[in-house]
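See structure below.
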Amino acid sequence: MYNFNTSVIIEALPYLIDGIKITLFISVISTICAFMIGLITVFLRTMGTGFLKFIAVFYVEIIRNTPLLIQLYFVYKSLPALGLMIPPIWCGILALSFYTGAFISEVLRAGINSVAAEQYHASISLGLSKFQAFRLIIFPQAIRIIIPPLGSQFINVIKNSSLVSFISVTDLFYRIYKGAVDDFRFFEFFMIGALIYMVLTGTIAILTNIFENLFKIQGRMAKT
Amino acid sequence: MHWGDIIENFDFLMKGLTITLKLALVSVTGSLILGTILGVLRYSRIFLISWFAVAYIESVRSIPLILFIVFIHFGALPYLTGVPSSFFDSSCIALIIFTSAYVAEIIRSGLNSVEKGHIDAAKSLGLSRMQRLSYIILPLAVSRMTPALVSQFISLIKDTSLASTIGLIELTRAGEIIYERTYHESEILIFIAFMYFVICFGLSKLSRIWETKPYIYTEVRESIGANQ
């Protein structure tokens, strides 16, 4: 039987907690940026015409159909060739934001499509501009419907942020891996790592539920 | 730009692509089988079994894939078997374990989407629990969950790139080996991204064709969320 040695974990705990801070920092910043990117993309995609719409669709399809690891490597290794020297952590945030932005734009699009088209036509006929109709009529309704999928995107960002360790950011996964390799204690470190990730994602899931109930409008349901 | 690198190393890259595709194919099959079993077990009447399925699905879904790959390759498999495991085996097992949880969740939502009327009708015709599942519920559910399954498998193909981190020489690692020698990262990375794009985008377009075909077993269903 494998003998568990809990003392290595207790010793490494402060080191791991620093890693959690970095992981959360990367996740929160990239989710906020990704939400902005997703919002712009979905606005161009649903309201824009011609070239702008093409750019939005092109961006979403390219990002969604290529692995995040390659995008991370691309940002990390190709930007210096163009003369842009960014610290690795910001490379990771950049790649994660663009990656998640594409997914969030799809989520937002689903939410917008679930708002009845008549409301858009009505707001246009009332004299609102396209942007005003988007901002005042459609977006407030759509955002309530998509709180759960947005929460799961945030969970995905936390999980995906473990990949930034391959571009030399000392995030949580890097520290788990390093601890496991240094002490040759794979079971202990991966158990505690899995536990930490489960706690982080579980907290987000609970928060999502709370927010969903908080912003729910009585009697309003998504059009099906 | 040095696009010549790609032509020079084309055979090597294609060898990597074959391994990526092989890995994806084995993992898709494995995760489909394991995921279906888990998805059905979740509805088991024995409390312990259904509880185990729920615990498995929920815990796997909240852990990053890379943790599984590294743990299985360096920790679990060598400990269980006593010999170092091959890169292909361990990444394959990790991908199956990871994706099966998502597949099980898709299967569950597919099973839930079957109307109660169908089940009641099957009950009144005297079909047993197992017969109901295999003749009525699964065929109905399968046609409804195809789009979700395809998008899950597309993300599995993208996830095979993570096997490069433990050293399996698939498409990503093959590219890395080339640009670590030549230092022309952008060209190789764009080419690899293009290869993944062709596979994944092609697959999603193929599934779109499949979706527009009329449902084999079900009534014609109104599409959800009409575009504005």
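Top line first, the protein sequences correspond to chains A and B.
Sequential numbering from 28 applies to the first sequence in my numbering.
Sequential numbering from 3 applies to the second sequence in my numbering.
Virtual Cβ for every residue (Gly too), placed ideally from N, Cα, C.
CA-to-CA distance, residue j to residue i, given in whole angstroms
i, j, result
"Ile48 (chain B)", "Ala57 (chain B)", "14 Å"
"Ser157 (chain B)", "Phe100 (chain B)", "11 Å"
"Leu191 (chain B)", "Phe101 (chain A)", "6 Å"
"Lys250 (chain A)", "Lys118 (chain B)", "With a pLDDT of 48 at Lys250 (chain A), under the threshold of 50, the modelled position of this residue cannot be trusted; read the value that follows with caution. If you take the alpha carbons of Lys250 (chain A) and Lys118 (chain B), they lie about 21 Å apart."
"Ile182 (chain A)", "Leu170 (chain B)", "28 Å"
"Ile201 (chain B)", "Phe81 (chain A)", "21 Å"
"His148 (chain A)", "Lys157 (chain A)", "10 Å"
"Ile59 (chain B)", "Leu50 (chain B)", "14 Å"
"Glu187 (chain B)", "Pro107 (chain A)", "11 Å"
"Gln146 (chain A)", "Ile74 (chain B)", "52 Å"
"Lys17 (chain B)", "Ser163 (chain B)", "14 Å"
"Ile36 (chain A)", "Phe76 (chain B)", "18 Å"
"Val144 (chain B)", "Arg131 (chain B)", "18 Å"
"Tyr185 (chain B)", "Ile116 (chain A)", "22 Å"
"Gly84 (chain B)", "Arg72 (chain A)", "54 Å"
"Val134 (chain A)", "Arg202 (chain A)", "32 Å"
"Ile139 (chain A)", "Gly77 (chain A)", "20 Å"
Coarse secondary structure for residue i, derived from DSSP in three states
i, result
"Pro175 (chain A)", "helix"
"Pro94 (chain A)", "coil"
"Tyr100 (chain A)", "helix"
"Glu117 (chain B)", "coil"
"Phe85 (chain A)", "helix"
"Asn32 (chain A)", "coil"
"Trp212 (chain B)", "helix"
"Ala106 (chain B)", "helix"
"Asp198 (chain A)", "coil"
"Glu221 (chain B)", "Model confidence at Glu221 (chain B) stands at a pLDDT of 47, short of 50, so the residue's coordinates are unreliable and nothing is read from them."
"Ile279 (chain A)", "The structure shown does not extend to residue 279 (chain A), since chain A is modelled only from 28 to 251, so the question has no answer here."
"Asn11 (chain B)", "coil"
"Met147 (chain B)", "helix"
"Trp5 (chain B)", "coil"
"Arg63 (chain B)", "helix"
"Ser75 (chain A)", "Looking at the sequence itself, residue 75 (chain A) is Gly, so the reference to Ser does not match. Here Gly75 (chain A) sits in coil by DSSP."
"Ile113 (chain A)", "coil"
"Ala143 (chain A)", "coil"
"Thr191 (chain A)", "Thr is not the amino acid found at residue 191 (chain A); the sequence shown has Val there. In the structure shown, Val191 (chain A) sits in a helix (DSSP, three-state: H, G or I)."
"Gln86 (chain B)", "Position check: residue 86 (chain B) holds Pro in this sequence, whereas Gln was assumed. Residue state, collapsed to three classes: coil."
Proximity of residue i and residue j at Cβ, strictly below 9 Å
i, j, result
"Ile185 (chain A)", "Ser54 (chain A)", "yes"
"Gly46 (chain A)", "Asp198 (chain A)", "yes"
"Ser93 (chain B)", "Ile65 (chain B)", "no"
"Asn187 (chain A)", "Leu121 (chain A)", "no"
"Phe217 (chain A)", "Leu69 (chain B)", "yes"
"Val42 (chain B)", "Ala103 (chain B)", "no"
"Phe193 (chain B)", "Gly177 (chain B)", "yes"
"Leu43 (chain A)", "Gly206 (chain A)", "yes"
"Leu99 (chain A)", "Val208 (chain A)", "no"
"Ile173 (chain A)", "Ala137 (chain A)", "yes"
"Ile89 (chain A)", "Ala195 (chain B)", "yes"
"Thr58 (chain A)", "Ala129 (chain A)", "no"
"Leu173 (chain B)", "Met197 (chain B)", "yes"
"Ala106 (chain B)", "Gly32 (chain B)", "no"
"Phe214 (chain A)", "Tyr81 (chain B)", "yes"
"Leu79 (chain A)", "Ser132 (chain A)", "no"
"Ile118 (chain A)", "Ile56 (chain A)", "Correcting the residue type first, residue 118 (chain A) is Cys in the shown sequence and not Ile. Not in contact: Cys118 (chain A) and Ile56 (chain A) (Cβ atoms no closer than 9 Å)."
"Ile64 (chain A)", "Phe125 (chain A)", "yes"
"Phe155 (chain B)", "Ala26 (chain B)", "yes"
"Ser209 (chain B)", "Asn92 (chain A)", "no"
* To do: Quick one: which unbroken beta strand (DSSP E) runs of 3-plus residues sit fully inside the segment 162-207 of chain B? Chain order, please.
  => none
* Counting only runs of 4+ residues fully inside the segment 8-54 of chain B, write out the alpha helix (DSSP H) ranges in chain order. => 12-43
* Could you pull out every unbroken alpha helix (DSSP H) segment of at least 4 residues lying fully inside the segment 196-239 of chain A, listed in chain order? => 199-210
* To do: At 3 residues or longer, and completely inside the segment 38-74 of chain A: list those beta strand (DSSP E) runs for me, N to C.
  => none
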